[in-house]
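As numbered in the working numbering, residues 487 to 948 make up the sequence shown, in order. Backbone N, C-alpha and C define an ideal beta-carbon position, used for all residues, glycine too. All remarks here apply to the structure that follows.
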Amino acid sequence: MANKDVTDPARMEKIVSLCKRRGFIYQAGELYGGLNGCWDYGPLGAELKRNLKDYWWRKTVQERDDILGMDGAILTHQDVLKASGHVGGFSDPMIDCKTCKGRYRADNLDNLECGRKPSCHPGEHKECELTEPRAFDLMLSTKLGALATDNDPKAVAYLRPETAQSIFVQYKNVLDSNRIKLPFGIAQIGKSFRNEINPRNYTFRSREFEQMEIEFFCRPEDGMRLTDEWLESRLCFYEEIGIPREKLHILDVPDGERAFYSKKTYDIEYEFPFGIQELEGVAYRTDYDLGVHQKGAGKPLEYFDEETKEKFLPHVVEPSAGCDRTVLAMICEAFEEEELTDEKGKKDVRTVMRFAPRMAPIKAGIFPLLKKNEEQVRICREIQKKLQPWMNVFYDDGGAVGRRYRRQDEVGTPFCITVDFDTLGENGEELKDTVTIRHRDSMEQERVPLDSLLQWLLERVR
Ligand code: ATP
Numbered sequence: 487m488a489n490k491d492v493t494d495p496a497r498m499e500k501i502v503s504l505c506k507r508r509g510f511i512y513q514a515g516e517l518y519g520g521l522n523g524c525w526d527y528g529p530l531g532a533e534l535k536r537n538l539k540d541y542w543w544r545k546t547v548q549e550r551d552d553i554l555g556m557d558g559a560i561l562t563h564q565d566v567l568k569a570s571g572h573v574g575g576f577s578d579p580m581i582d583c584k585t586c587k588g589r590y591r592a593d594n595l596d597n598l599e600c601g602r603k604p605s606c607h608p609g610e611h612k613e614c615e616l617t618e619p620r621a622f623d624l625m626l627s628t629k630l631g632a633l634a635t636d637n638d639p640k641a642v643a644y645l646r647p648e649t650a651q652s653i654f655v656q657y658k659n660v661l662d663s664n665r666i667k668l669p670f671g672i673a674q675i676g677k678s679f680r681n682e683i684n685p686r687n688y689t690f691r692s693r694e695f696e697q698m699e700i701e702f703f704c705r706p707e708d709g710m711r712l713t714d715e716w717l718e719s720r721l722c723f724y725e726e727i728g729i730p731r732e733k734l735h736i737l738d739v740p741d742g743e744r745a746f747y748s749k750k751t752y753d754i755e756y757e758f759p760f761g762i763q764e765l766e767g768v769a770y771r772t773d774y775d776l777g778v779h780q781k782g783a784g785k786p787l788e789y790f791d792e793e794t795k796e797k798f799l800p801h802v803v804e805p806s807a808g809c810d811r812t813v814l815a816m817i818c819e820a821f822e823e824e825e826l827t828d829e830k831g832k833k834d835v836r837t838v839m840r841f842a843p844r845m846a847p848i849k850a851g852i853f854p855l856l857k858k859n860e861e862q863v864r865i866c867r868e869i870q871k872k873l874q875p876w877m878n879v880f881y882d883d884g885g886a887v888g889r890r891y892r893r894q895d896e897v898g899t900p901f902c903i904t905v906d907f908d909t910l911g912e913n914g915e916e917l918k919d920t921v922t923i924r925h926r927d928s929m930e931q932e933r934v935p936l937d938s939l940l941q942w943l944l945e946r947v948r
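Below, the structure written as structure tokens:
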């Protein structure tokens with residue numbers, strides 16, 4: 487069993503620095519001092535995140551015939567979140583330190599730093615003076631329309647704290663507008679907002695973040711079994727995006743620590759450099775959600791089973807993953823400083839991001855061996871045009887080829903294509919119209935014919 491307290495701050499620092507230097511992630515509003523708990527994804531981060539979301543959607547919606555997608559509004563009717571229990575009930579326990587004036591999440595003190603002495607946790611320093619915990623509301627609200635100026639309470643709307651609620655509220659519409667039977671799911675990817683007391687660990691705990699959620703509706707007797715099946719299926723997903731099973735930990739949340747309506751909850755956790763922390767929750771939520779909305783809206787949400795003629799509220803299994811946390815886990819997993827020794831015995835370190843090729847922000851680098859050779863450049867531009875509709879590629883003719891390889895290694899590009907004199911047929915007919923492909927991980931090279939290049943890459947990056 488891995489130790490939750492084992493951390494590697496030096497590694498994390500290097501990762502954060504690479505992410506800024508190479509354009510993965512920037513602090514939101516950095517120019518003005520930064521907005522705490524909010525992050526902007528730069529060009530490579532945006533590609534990485536998009537690849538994750540596209541793959542999740544493909545696996546969850548496109549390749550299954552029992553799950554439908556939706557895209558709900560972020561601004562949420564206050565009555566929806568009153569019925570769900572979020573308004574007035576979605577809070578974390580907070581304590582203040584009267585000495586340093588710090589405010590801390592009371593159930594997370596072990597992961598926080600004392601305002602006086604960062605090597606201690608709040609409460610451990612002799613001068614700490616902590617108050618009793620009190621509930622801190624995590625909901626972010628706004629006011630809509632002309633009523634807002636009159637301070638009319640009806641103008642209040644919320645930025646959703648999770649994507650799930652719009653799925654529950656639209657469940658009946660999805661059911662009625664599609665010929666679908668239990669068990670079936672509705673999936674959604676989208677932004678959520680929580681006014682976290684202590685946003686920290688880079689993007690791990692943010693105030694604005696994205697979720698990838700599935701609400702899987704089923705008959706009550708299938709709930710427990712499906713929860714286990716979903717756990718397994720989600721673990722496989724993480725392997726497919728490059729997060730190995732041995733770095734994932736399953737926490738079977740014990741009685742008393744689960745939400746009161748949940749009969750079973752698994753947390754899928756990952757070994758981040760700042761400790762083992764939650765990536766995703768897989769929860770069996772019973773019929774709680776549909777039940778509260780049926781009551782709150784006063785409209786029936788039952789399912790009618792044509793075969794058995796029964797009418798009942800479906801139960802729900804919810805695999806709820808954090809998109810930003812998964813991106814961060816992929817980045818942490820990919821980062822490596824590899825020690826190399828060349829033929830002359832000279833030691834060197836190469837920084838390489840070993841992203842799973844299907845997640846890599848750039849799939850292939852395209853290089854002419856010599857940028858002054860017009861024919862090599864022309865062929866490279868042709869390759870680029872041919873690949874661009876299918877994948878993100880990057881043309882580079884600056885500096886020695888070795889340096890260009892290293893630049894791509896550092897951002898995780900799995901393949902680099904070089905057009906050289908062999909491609910032009912200058913060293914014989916045999917290699918004419920072939921290119922060199924250099925593999926990021928093994929650094930080995932092979933020759934691939936130009937006319938099968940697209941297929942060769944597609945087989946490896948999909
Ligand atoms: P935590 O205990 O870490 O606060 P949670 O149990 O409240 O998380 P859920 O409400 O189950 O989280 O949300 C489902 C998923 O959404 C989490 O597993 C996580 O990946 C993501 N998530 C939740 N809160 C945040 C946040 N503040 N920043 C980034 N991702 C988040």
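On the DSSP letters alone, give me the boundaries of the beta strand (DSSP E) that residue i sits inside.
{"i": "Arg924", "result": "Thr920 to His925"}
{"i": "Arg771", "result": "Gly761 to Thr772"}
{"i": "Met710", "result": "First-last for Met710: Gly709 to Glu726, but that is the alpha helix (DSSP H), not the beta strand (DSSP E)."}
{"i": "Arg933", "result": "Gln931 to Pro935"}
{"i": "Asp738", "result": "Leu734 to Asp738"}
{"i": "Ile952", "result": "Residue 952 lies beyond the residue range present for the chain, which begins at 487 and ends at 948; the question has no answer from this structure."}
{"i": "Gly555", "result": "Ile553 to Gly555"}
With a 10 Å radius around its C-beta and 16 neighbouring C-beta atoms as the bar for buried, classify residue i as buried or exposed.
{"i": "Leu949", "result": "The displayed coordinates of the chain run from 487 to 948. Any statement about residue 949 would go beyond what the structure contains."}
{"i": "Lys584", "result": "exposed"}
{"i": "Leu787", "result": "buried"}
{"i": "Phe790", "result": "exposed"}
{"i": "Thr794", "result": "exposed"}
{"i": "Gln455", "result": "In the structure as shown, the chain starts at 487 and stops at 948, and residue 455 therefore has no counterpart that could be examined."}
{"i": "Pro730", "result": "exposed"}
{"i": "Met487", "result": "Confidence is the limiting factor: at Met487 the pLDDT is only 46, short of 50, which leaves the residue's position unreliable and the question unanswerable from this model."}
{"i": "Cys722", "result": "exposed"}
{"i": "Gln931", "result": "exposed"}
{"i": "Phe670", "result": "buried"}
{"i": "Asn537", "result": "buried"}
{"i": "Arg924", "result": "buried"}
{"i": "Pro900", "result": "buried"}
{"i": "Glu868", "result": "exposed"}
{"i": "Ser503", "result": "exposed"}
{"i": "Ile548", "result": "The residue asked about is misnamed: residue 548 is Gln in this sequence, not Ile. It is exposed - the Cβ of Gln548 has fewer than 16 other Cβ atoms within 10 Å."}
By the three-class DSSP mapping on this structure, what secondary structure does residue i have?
{"i": "Trp876", "result": "coil"}
{"i": "Pro843", "result": "coil"}
{"i": "Gly531", "result": "helix"}
{"i": "Thr562", "result": "strand"}
{"i": "Met487", "result": "Since pLDDT at Met487 reaches only 46, below the 50 mark, its modelled position is unreliable, and no value is offered."}
{"i": "Ile865", "result": "helix"}
{"i": "Tyr688", "result": "coil"}
{"i": "Thr751", "result": "strand"}
{"i": "Ser938", "result": "helix"}
{"i": "Pro579", "result": "strand"}
{"i": "Leu943", "result": "helix"}
{"i": "Thr794", "result": "coil"}
{"i": "Pro854", "result": "strand"}
{"i": "Glu654", "result": "A quick correction: the sequence has Phe, not Glu, at residue 654. Reduced to three states, the DSSP call for Phe654 is helix."}
{"i": "Lys781", "result": "helix"}
{"i": "Glu912", "result": "coil"}
{"i": "Lys587", "result": "coil"}
{"i": "Pro949", "result": "Nothing about residue 949 can be read from this structure; the chain reaches only from 487 to 948."}
{"i": "Glu701", "result": "strand"}
{"i": "Lys667", "result": "coil"}
{"i": "Val492", "result": "coil"}
Identify the residues that DSSP records as bridge partners of residue i: which are they?
{"i": "Leu826", "result": "Asp834"}
{"i": "Pro639", "result": "In the DSSP output, where bridge partners are listed per residue, Pro639 has none listed."}
{"i": "Phe746", "result": "Partner(s): none; Phe746 has no beta bridge."}
{"i": "Phe695", "result": "Ser678"}
{"i": "Gln513", "result": "Trp525"}
{"i": "His572", "result": "Bridge partners of His572: none, in fact."}
{"i": "Glu757", "result": "Ile762"}
{"i": "Glu804", "result": "Ala769"}
The alpha helix (DSSP H) with residue i in it runs from where to where?
{"i": "Arg507", "result": "Pro495 to Arg507"}
{"i": "Arg544", "result": "That residue, Arg544, is in no alpha helix (DSSP H); it is neither H nor E in DSSP."}
{"i": "Asp593", "result": "No alpha helix (DSSP H) contains Asp593, which DSSP labels as neither H nor E."}
{"i": "Glu896", "result": "Val887 to Val897"}
{"i": "Ile848", "result": "Careful: Ile848 lies outside any alpha helix (DSSP H) and carries neither H nor E."}
{"i": "Val813", "result": "Cys809 to Ala820"}
Could you check if residue i belongs to the surroundings of the ligand ADP, using beta carbon to heavy atom distance under 7 angstroms?
{"i": "Arg536", "result": "The ligand ADP is absent from the structure shown, which contains only the ligand ATP."}
Item to check | Any beta strand (DSSP E) of 3 or more consecutive residues that is wholly inside the region 600-626 | outcome: Within the region 600-626, the complete beta strand (DSSP E) runs of at least 3 residues are 620-623.
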